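K.L.:
All residue numbers for the sequence shown refer to the numbering used here, where the first residue is 1 and numbers rise by one.
C-beta: ideal position from N, C-alpha, C; glycine also.
Values in this document were obtained by computation on a predicted structure and should not be read as measured data.
Starting off with a structure, shown below.
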Amino acid sequence: MILLTVIKKHWLLILLVVLFLLAPAIEIILFQYLYSRDLAVVLQWLGNNKFWVIFFTYLLILSVQLLIYSVFNNISISLSITFIVFTLMNVVNYYKLQILNEPLYPWDLFLYEQLVDLLPLVAKVVDLKYLFLLIILIALLVLFCKFMPNYKAKWIPRVILLICSLLVIVGFTLNDKAPTKQVFAKYGISNALSTPKTNVTINGLILSFVLYMPDVFIEKPKGYSEKAIKEIADSIDIDVNPVNNIKPNVIIVMSESLFDITKLKSVEFNKDPLPTIRHYMNSTLLSPTFGGGTSSVEFEALTGLSNVFLPSGSSAYQQYIKKETPSMASVFENIGYYPFALHTYHGWYWNRENVYDLLGFDDFISGEDLADSPIKGQYIGDATITNEIISKVEEKEEPIFVYAVTMQNHSPYVTDLYEENSIIVENEFSDSTKGMIETYATGISDSDYELSRMIDYFNNSKEPTLIVLFGDHLPSLGTEMAVYNETGYLNKESSFLEGQYLTRQTPLLVWRNFGHSIEIPELLSPAFLSPFIFENAGLEMPKYYQFLKNYATQLPGYINSVKVDKNGELFSETPADMRELEEMYEMIQYDLLFGKQYSKKYLFD
């Protein structure tokens, strides 16, 4: 009787509490459905998954609800904000996985430009029925909140709720510290799985998201000091290489999404899309990214630093380069060159207009300066790159260093992008696969022609010139690697490392109109380009570039997902005999990006 009396008297409060406690459980099921789009898979995940994964996810969502309630003192607002924020995160995560094969990371919140850049691709693959479902859910939520009664707590309970919820959320965020670290370890909660995608599949987005939170903060390497940097510098073995008495122009062209499409062996073309590139190609670049993240490749190529020591999916350009940092631009400037950057897209994109200045470029021409340039497809064509480079060489009396970033072959590769495709697929595939390949191949065929035009010009020029061209990453052709799977480039029998190796290889070529044969390893990560550029240009290199050369001699392929040694063997982790050198590399990078920059004195002067 007493219980019934209490229920009758406080039925509204009890109902609100039950609803408040049920909401996180309902959201967990909904978010798993948004991820898998298959109710059977959701039930399997709920049935097979560890109880503690679900429990900690529930606890985190509940803590966020309590935090918002303690601030606004309104249950409707708390439930609404929590639902909308986590739903948006899950939607973004789903489409990022579909297009880039990577989940949503905490640092993606700083990379809003990349997320906006994905919108045209999302528009092509969005499933309207799920969009309609989300609209209905949000509408129901609005109606529910409009008519839902509220319970306002007094300030003391609100303060208690605020403190408790904050403690839980901070504990989740700092999950690499005690006591959360011990709790997670006890119950088997970890993101140390084979891939970030696997982490999301096992742990769900929300828990995997917070498991990556400690990676936002870059820790100082043990033993970091000026003395340690000097000892690294003193330990570097120096090669004695012949130095020219000439200073050639050095032109680097990073070609958007350039991939040797003829590696899709099952595809028959009406003609070779890349005759010039394939003729002069003398190496392969092992890109740190797939389908996007151009600035990460650029960061490595220009600075000689590595994304291996940064959180997966982060952007050094937007997050870490906040002070003057040595790069090829500043090194070339110190020996009398005119360093010049060129990009046929917005200067603000990836924060280039600020970063290029910090890297030592004297001039930067961006898409804003090229507004009248001819458009090919959706973007300024590669012909503009060639024209601007030739114009700058003719204008300047001193030798120039150019870092040019093209844009024409950026996704999406829709069927009607060009008035007419010059490259045709002659055998049968699905309409979508055939259309994407033909559009993409037509675009890179233009890039190939522009390279031939540049080579022809400098072949007939009296100015000694070195040209380097490489692709930043493979193109994203369809969702879930559709084109690569249908054409047999990837297959289910391949190991994870083999798949990473195949989806990270882009063409790399070095050409010059002076001297003899080019010397460059068969495979290189972009971080190791600089010493071989200086070597083939016949220029004296700083001690840091010698360090990079020594590293590349042993481990030329060095990215987060796969390491490749000089014999072509693949590794998921750095081989034991390279660990000491790797620790030196990491300390130099910390010093230049986050530390006192002692390396400028010992490795660049």
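Can you pull the DSSP bridge partners for P149?
P.N.:
Taking the sequence shown and counting its residues from 1, the one referred to as residue 149 is at position 149. Looking at the DSSP assignment, P149 forms no beta bridge with any residue, so it has no partner.
K.L.:
Between V564, I29, Y58 and I229, which lies nearest to T285 when the distance is taken from Cα to Cα?
P.N.:
Numbered from 1 along the sequence shown, position 285 holds the residue referred to as residue 285. Sequence check: residue 285 is Leu here, not Thr. Taking only the C-alpha atoms, the option nearest L285 is V564.
K.L.:
When burial is assigned at 16 or more other CB atoms within 10 Å of the CB, is A139 buried or exposed?
P.N.:
For the purposes of this step, residue 139 is identified with residue 139 of the sequence shown, where counting begins at 1. So A139 counts as exposed.
K.L.:
Could you check the C-alpha separation between P464 and Y317 for me, to the nearest Å?
P.N.:
By 1-based counting over the sequence shown, the position of residue 464 is 464. By 1-based counting over the sequence shown, the position of residue 317 is 317. Each residue's Cα considered, the two are about 32 Å apart.
K.L.:
Whose CA, out of M436, T386 and V355, lies closest to the CA of E324?
P.N.:
Here residue 324 corresponds to residue number 324 of the sequence shown, with the count starting at 1. Comparing Cα-Cα distances from E324 to each of M436, T386 and V355, the minimum goes to V355.
K.L.:
Run through the DSSP bridge pairs and tell me what K376 is partnered with.
P.N.:
Position 376 of the sequence shown holds residue 376. For K376, which the question treats as bridged, DSSP gives the partners Y379.
K.L.:
For E428, which option in L22, V267 and P275 has the closest C-alpha, if you only look at C-alpha atoms?
P.N.:
For this step, residue 428 is matched to residue 428 along the sequence shown. Among L22, V267 and P275, the Cα nearest to that of E428 is on V267.
K.L.:
Tell me the residue span of the alpha helix (DSSP H) that contains T503.
P.N.:
Position 503 of the sequence shown, counted from the start, is the residue given in the question as residue 503. Premise fails: T503 is in no alpha helix (DSSP H) and is neither H nor E.
K.L.:
Got a sec? Which residues, its chain only, sit under 7 Å from N270 by beta carbon, not counting five neighbours each side?
P.N.:
Looking up residue 270 in the sequence shown gives position 270. Hits under 7 Å: I423, I424 and E426.
K.L.:
Among L466, Q597 and S432, which has the Cα closest to the Cα of G538?
P.N.:
Counting from 1 along the sequence shown, the entry for residue 538 is found at position 538. The candidate whose alpha carbon is nearest that of G538 is L466.
K.L.:
Which of helix, strand or coil does DSSP assign to S283?
P.N.:
Within the sequence shown, numbered from 1, the residue matching residue 283 stands at position 283. Residue state, collapsed to three classes: strand.
K.L.:
Using 8 Å as the Cβ pair cut-off and three pairs as the minimum, do the stretch 428 to 440 and the stretch 218 to 227 touch?
P.N.:
No, the stretch 428 to 440 is not in contact with the stretch 218 to 227.
K.L.:
Determine the burial state of A552: buried for a count of at least 16 other Cβ atoms within 10 Å of its Cβ, exposed for fewer.
P.N.:
By 1-based counting over the sequence shown, the position of residue 552 is 552. Buried, because 16 or more other Cβ atoms sit within 10 Å of the Cβ of A552.
K.L.:
With 16 other CB atoms within 10 Å as the buried threshold, where does D446 fall?
P.N.:
Here residue 446 refers to the residue found at position 446 when the sequence shown is read from its first residue. D446 comes out buried.
K.L.:
For K563, write down the residues that DSSP places opposite it in a beta bridge.
P.N.:
Translated into the one-based positions of the sequence shown, residue 563 becomes position 563. K563 is bridged to Y558 and F571.
K.L.:
Please confirm whether P311 and V216 have their CB atoms less than 9 Å apart.
P.N.:
In the sequence shown, residue 311 corresponds to position 311, counting from 1. In the sequence shown, residue 216 corresponds to position 216, counting from 1. Yes, the pair counts as a contact, with Cβ atoms nearer than the cut-off.
K.L.:
Measuring alpha carbon to alpha carbon, tell me which of S255, V18 and G47 ends up nearest Q32.
P.N.:
Looking up residue 32 in the sequence shown gives position 32. Measuring from the Cα of Q32, the nearest candidate turns out to be G47.
K.L.:
Counting only runs of 3+ residues fully inside the stretch 169 to 203, write out the beta strand (DSSP E) ranges in chain order.
P.N.:
Qualifying beta strand (DSSP E) stretches: none in this window.
K.L.:
Let me confirm a value: P556 is counted as buried when at least 16 other C-beta atoms fall within 10 Å, else exposed. Which label applies?
P.N.:
Indexing the sequence shown from 1 puts residue 556 at position 556. With 16 or more other Cβ atoms within 10 Å, it is buried.
K.L.:
Is the separation between the beta-carbon of V210 and that of L21 shorter than 9 Å?
P.N.:
Taking the first residue of the sequence shown as 1, we reach residue 210 at position 210. Taking the first residue of the sequence shown as 1, we reach residue 21 at position 21. No, these two residues do not count as a Cβ contact at 9 Å.
K.L.:
Is F254 helix, strand or coil by DSSP?
P.N.:
For the purposes of this step, residue 254 is taken as the residue at position 254 of the sequence shown. Residue identity check: residue 254 is Met in the sequence provided, not Phe. Strand.
K.L.:
What first and last residue would you give for the beta strand (DSSP E) that runs through L342?
P.N.:
By 1-based counting over the sequence shown, the position of residue 342 is 342. L342 -> beta strand (DSSP E) spans Y338 to H343.
K.L.:
With a threshold of 9 Å between beta carbons, is S70 in contact with chain C?
P.N.:
Of the protein chains in this structure there is only one, and it is not chain C.
K.L.:
Give the single residue among D591, S430 and L508 whose Cα lies nearest to the Cα of A227.
P.N.:
One-based indexing of the sequence shown puts residue 227 at position 227. First, the amino acid is wrong: residue 227 is Lys here, not Ala. For K227, the nearest C-alpha among the options comes from D591.
K.L.:
Going by C-alpha to C-alpha distance, which of N101, I68, Y598 and H346 sits closest to T479?
P.N.:
Position 479 of the sequence shown, counted from the first residue, corresponds to residue 479. Selected option, being the one with the closest Cα: N101.
K.L.:
For the candidate residues A153, F132 and V71, whose alpha-carbon lies nearest to that of V612?
P.N.:
This structure cannot speak to residue 612, because the chain is shown only from 1 to 605.
K.L.:
Count the other CB atoms, across all protein chains shown, that sit within 10 Å of the CB of S516; report buried if there are 16 or more and exposed otherwise.
P.N.:
Residue numbering aside, residue 516 sits at position 516 when the sequence shown is read from its first letter. Reading the sequence as shown, one finds His at residue 516 and not Ser. Per the 10 Å Cβ criterion, exposed.
K.L.:
Excluding the 5 residues flanking S599 on each side, which residues of the same chain have their C-beta closer than 6 Å to its C-beta?
P.N.:
The sequence position of residue 599 within the sequence shown is 599, counting from 1. These residues qualify, in order along the chain: I229, I588, D591 and L592.
K.L.:
For the alpha helix (DSSP H) holding Y403, just list the boundary residues, first then last.
P.N.:
Within the sequence shown, residue 403 is the residue found at index 403, counting from 1. Y403 -> not in any alpha helix (DSSP H); beta strand (DSSP E) instead, spanning I400 to V405.
K.L.:
Tell me the rounded alpha-carbon separation between F496 and T198.
P.N.:
Taking the sequence shown and counting its residues from 1, the one referred to as residue 496 is at position 496. Taking the sequence shown and counting its residues from 1, the one referred to as residue 198 is at position 198. C-alpha separation (whole angstroms): 11 Å.
K.L.:
My output table needs one value for V71: the three-state DSSP class, helix, strand or coil.
P.N.:
Walking along the sequence shown from the start, residue 71 turns up at place 71. V71 falls in the helix class under three-state DSSP.
K.L.:
What are the start and end residues of each continuous alpha helix (DSSP H) run of 4 or more residues lying completely inside the stretch 10 to 63, in chain order?
P.N.:
Runs of the alpha helix (DSSP H) inside the stretch 10 to 63: 11 to 36 and 39 to 48.
K.L.:
Residues in the same chain with beta-carbon distance under 6 Å from D472, minus the five sequence neighbours each way, listed in chain order, please.
P.N.:
The residue labelled residue 472 in the question sits at position 472 within the sequence shown. Taken in chain order, the residues that qualify are M254, T294 and V297.
K.L.:
Would you check if there are 3 or more beta carbon pairs closer than 8 Å linking the stretch 154 to 174 to the stretch 64 to 79?
P.N.:
Judged by Cβ distances under 8 Å, the stretch 154 to 174 makes contact with the stretch 64 to 79, as three or more pairs qualify.
K.L.:
Name the DSSP bridge partner or partners of L466?
P.N.:
Residue numbering aside, residue 466 sits at position 466 when the sequence shown is read from its first letter. The partner list for L466 (beta bridge, DSSP) reads V250 and R512.
K.L.:
Could you check what DSSP says for F299 in three-state terms: helix, strand or coil?
P.N.:
The count along the sequence shown starts at 1 and reaches residue 299 at position 299. In the structure shown, F299 sits in a helix (DSSP, three-state: H, G or I).
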